[in-house]
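Note sheet for the following structure.
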Amino acid sequence: PPEAKADAAAASEAASTAGDAKDPYAGLTAKQIKNKKKRERQKKKKAEEKRLAALAAAGGDAAAAAGESNSGIKDSKAVANEDAKSRGGVGEEKKKKKKRKKKKKNQNAEQKAPDIIMTVIGKEHKSRGEVKPQTYPPSVMLPDMFPKGIYPVGEIQEHPGDFNTFRVTSEEKRAADKMQESMYNEVREAAEAHRQTRKYAQQFIRPGMSMIDIVQKIEACSEKLIRKDGLKRGWGFPTGVSINHVAAHYTPNYGDTTVLKEKDVVKLDFGTQINGHIIDCAFTIAFDPMFDNLLNAVQDATNTGIKEAGIDVRLCDIGERIQEVMESYEVTIDGKTYQVKSIANLNGHSIGSYQIHAGKSVPIVKGRDATKMEEGEMYAIETFGSTGKGFVHEDMACSHYMKNFDAGFRPLRSRKSKQLLSHIDKNFGTLAFCRRWLEDQGQKGYLMALKELTDLDIVRKYPPLCDKQGCYTAQFEHTILLRPTCKEVVSRGDDY
87 PPEAKADAAA ASEAASTAGD AKDPYAGLTA KQIKNKKKRE RQKKKKAEEK
137 RLAALAAAGG DAAAAAGESN SGIKDSKAVA NEDAKSRGGV GEEKKKKKKR
187 KKKKKNQNAE QKAPDIIMTV IGKEHKSRGE VKPQTYPPSV MLPDMFPKGI
237 YPVGEIQEHP GDFNTFRVTS EEKRAADKMQ ESMYNEVREA AEAHRQTRKY
287 AQQFIRPGMS MIDIVQKIEA CSEKLIRKDG LKRGWGFPTG VSINHVAAHY
337 TPNYGDTTVL KEKDVVKLDF GTQINGHIID CAFTIAFDPM FDNLLNAVQD
387 ATNTGIKEAG IDVRLCDIGE RIQEVMESYE VTIDGKTYQV KSIANLNGHS
437 IGSYQIHAGK SVPIVKGRDA TKMEEGEMYA IETFGSTGKG FVHEDMACSH
487 YMKNFDAGFR PLRSRKSKQL LSHIDKNFGT LAFCRRWLED QGQKGYLMAL
537 KELTDLDIVR KYPPLCDKQG CYTAQFEHTI LLRPTCKEVV SRGDDY
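With my numbering applied, the sequence shown corresponds to residues 87 to 582, in that order.
Here it is, written out as structure tokens:
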């Protein structure tokens, strides 16, 4: 009925009026409510201060007054919080909680190891700062194993001769040494990649494996550890796996089905490089213990060469000592005894930037070369022992090639030769390479072009070097730095 509707409307109006009277914030915006609450808190605070002042004037206890003040402030804050919760202040509380969580997270982050970012030739490698051990097969990158970016120093030896003793204490030589520290660290990183790769090789190489599988596994491992990046860092030269009478420069081409046998003696010679600083290091593997004395002779001769090498030492004197030690050994193979001979026409050599053979040769037999080693030079001290003639010749299919370091401009006839030379310049520069690598990079039908480049002496070929058929040869090699204060065998490891 109309009368009932009118009564209901009157009751509703009365209820809303009563509600407005109870709620002091009705009809206000959120900003107005916030300002009003702020003014109310200020009024309460002033009133509280007046009350405390009156108590103090009346001789009340100051400490009690202070306590009351704190409790009064706490009460006012509690009231304010309750009001905030009841009037949309929940959002502010959430913000405060988030800030507290963020602060706690930042404190925890400060306690953790800091991130170390090392820029390596234009590439960034991020390490958490903790040292990680290597796995098998190697999967841990070197910056994770050495998060500070400082790589292990090689074996330190003094330069031989009384004329070099001053170098140990000379302040001038120490200052010269410090100036090259960044270069030394690059060489040491390349040496560490070599050490870990050869440790892996020593674990997996077994009789029955094909030679092509062996070299590809080694090259894949060293490529990963050195973090290959064009010419800036990568392989120093192809992986040599010369067997028995073959002393050096053999790596299998595609299609080579050679398999490693139990009575084979294999020389494993591979290199790594960073910014053209090449580590040239080699060792010999034999599974039959009857070859132990052959390996011992060559290893002893190499260590002798390293010991004798140094600043202002004549190259002929090093060769004489190496031959003396090498040929003091004998080895019995299948009931027949052989004297171990130094291979007369194989040598150690100086190493330059992107140049594996930099001009000086370190003989391994007595000779007349009175050239002296000089401060700052880098050398590969390598020796070869043989049960054969002790003299090698070129034989078998060629796999190793290298651009002539001093090659000038030569006009080329064929388009393919020009394309191949451009590819070699881009990918290898003056570093050694092999046919497998060319094919892996997509080169096809390149043999005639490669022949033209070798005929013009733009590229030089390095065929396998062999002693007489049926004999056995062994090799050991290390890279040394002739620092101003000392001699550092950078490639030295626990293995040899």
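Glycine residues also receive a C-beta, built at the ideal position from the N, C-alpha and C atoms.
None of these values were measured; they are calculated from a predicted model.
Asked                                                                                                                                                                                      : Found
Alpha carbon to alpha carbon, how far is V351 from Q441? Give it in angstroms, no decimals.                                                                                                : 29 angstroms
Pick from C557, A483 and K353: whose alpha carbon is nearest that of L533?                                                                                                                 : A483
Are there 16 or more other CB atoms within 10 angstroms of the CB of F514, so buried, or fewer, so exposed?                                                                                : buried
Do the CB positions of P551 and V545 come within less than 8 angstroms of each other?                                                                                                      : First, the amino acid is wrong: residue 551 is Leu here, not Pro. Cβ atoms of L551 and V545: not closer than 8 angstroms.
Determine the extent of the beta strand (DSSP E) in which S472 is found, giving its start and end residues.                                                                                : M464 to S472
Between the C-alpha atoms of T390 and L542, what's the straight-line distance to the nearest angstrom?                                                                                     : 40 angstroms
Who pairs with D315 in a beta bridge, going by DSSP?                                                                                                                                       : R319
Taking only three categories from DSSP, how would you classify P229?                                                                                                                       : helix
From K502 to R521, what distance separates their C-alpha atoms?                                                                                                                            : 16 angstroms
By the DSSP assignment, the alpha helix (DSSP H) with G391 in it spans what residues?                                                                                                      : D378 to E394
Which one or two residues does DSSP pair with Y548 in a beta bridge?                                                                                                                       : H486
Which residue comes first and which comes last in the beta strand (DSSP E) that contains Y424?                                                                                             : K422 to Q425
Would you mind stating whether L567 and V273 have Cβ atoms separated by less than 8 angstroms?                                                                                             : yes
Kindly indicate which residue of A279, Q266 and G556 has the alpha-carbon position closest to the one of S225.                                                                             : A279
Can you tell me where the beta strand (DSSP E) holding S436 begins and where it ends?                                                                                                      : G434 to I437
What are the partner residues of A493, as DSSP defines its beta bridges?                                                                                                                   : Paired residues: none, contrary to the question.
What three-state label does DSSP hand Q555 in the structure shown?                                                                                                                         : coil
Please name the residue in A287, Y415 and Q302 whose C-alpha comes closest to that of W523.                                                                                                : Q302
Could you tell me the distance, in whole angstroms, from the CA atom of P219 to the CA atom of Y582?                                                                                       : 21 angstroms
In the DSSP assignment, the beta strand (DSSP E) including E416 goes from what residue to what residue?                                                                                    : E416 to I419
Just how far apart, CA to CA, sit H245 and F562?                                                                                                                                           : 21 angstroms
Hey, is the region 328 to 342 in contact with the region 477 to 491, meaning 3+ C-beta pairs nearer than 8 angstroms?                                                                      : yes
Given that a residue counts as buried once 16 or more other Cβ atoms are within 10 Å of its Cβ, and exposed if not, what is V399?                                                          : buried
Measure the alpha-carbon distance for T565 versus S436 and round it to whole angstroms.                                                                                                    : 9 angstroms
Would DSSP call K477 helix, strand or coil?                                                                                                                                                : The sequence shown places Phe at residue 477, not Lys. Reduced to three states, the DSSP call for F477 is coil.
Which whole-angstrom value is the C-beta distance of G294 and W321, which I expect to be below 8 angstroms?                                                                                : Not really, about 26 angstroms apart at Cβ, beyond 8 angstroms.
Using DSSP bridges, identify the partner residues of L568.                                                                                                                                 : K573
Might you give, ordered along the chain, the residues of its own chain that have their beta carbon closer than 6 angstroms to the beta carbon of F491, omitting 5 neighbours on each side? : Q441 and T516
From the DSSP output, in three-state form, read off T221 for me.                                                                                                                           : coil
Let's see if you can read the secondary structure: which residues bound the alpha helix (DSSP H) around I408?                                                                              : L401 to M412
Can you pull the DSSP bridge partners for E241?                                                                                                                                            : V575
Between the Cα of K458 and those of S328, R127, K452 and V448, spot the shortest distance and give me the residue it belongs to.                                                           : V448
Go through its chain and collect everything with a Cβ distance to N379's Cβ below 8 angstroms, but skip five positions before and after it.                                                : Y415, E416, V417, T418 and V426
Just how far apart, CA to CA, sit N433 and T344?                                                                                                                                           : 27 angstroms
So, are the CB atoms of I312 and A277 less than 8 angstroms apart?                                                                                                                         : no
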